[in-house]
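Residue numbers for the sequence shown follow the working numbering, beginning at 39 and rising by one.
Where is the CB? At the ideal position from N, CA and C, for every residue including glycine.
None of the values given here were measured: they were computed from a predicted structure.
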Amino acid sequence: MKKTLLAFLAVSALLGVSTTFSPAAPPPPYHLTTVSWVIATRNNMDKDDRYVTLIGHVTGREGDETYFFTDGTGTVRLDSEDFKLPIGPKIVVGGRIDQAYLGIGHLEVDVRHWHLARKP
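(1) If you reduce the DSSP assignment to three classes, tell me which class I77 lands in.
(2) Could you check whether G133 and V90 sit closer than 9 Å to each other, using their CB atoms as the reference points?
(3) Threshold first: 3 residues or longer. Then list the beta strand (DSSP E) segments lying entirely within the stretch 94-152, N to C.
(4) Quick check on the burial criterion: 16 or more other C-beta atoms within 10 angstroms. Buried or exposed for L154?
(5) Secondary structure at Y89, three-state DSSP: helix, strand or coil?
(6) Please return the same chain residues whose Cβ sits closer than 7 Å to the Cβ of K122, not counting the five positions on each side in sequence.
(7) On the three-state DSSP scale, how would you describe L52?
(8) Is the beta carbon of E103 sitting closer than 9 Å to the one on D117?
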């Protein structure tokens, strides 16, 4: 059910279709966005821990858990403890924004799930 909802939201956002939810239903937990938006949230405590969905490519890897991800609007680090991510193919990543406070650490997205993007 979650995957179906996420797929519907992603397609709706890409096609510009308006989606509304009834007041009784909770809003979807993931926010389809861009890497540039995630980067713009740096040091914004209101956006820390927000769940986001990104569509793009892993361009490289550093160590066992750190990947570099781009969607053409910028590059962000992904922390993927539980998954090995493919380098190159277009993927959809869902995760939680993890801010770097006071210049300690890196702004990154903690990966909660991912899948290959479907070709149109």
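Reading it off the structure:
(1) helix
(2) yes
(3) 104-108, 113-117, 128-136
(4) exposed
(5) strand
(6) none
(7) Residue placement at L52 is poorly supported in this model, since its pLDDT is 46, which falls under 50; the coordinates still yield a value, given next. Helix.
(8) yes
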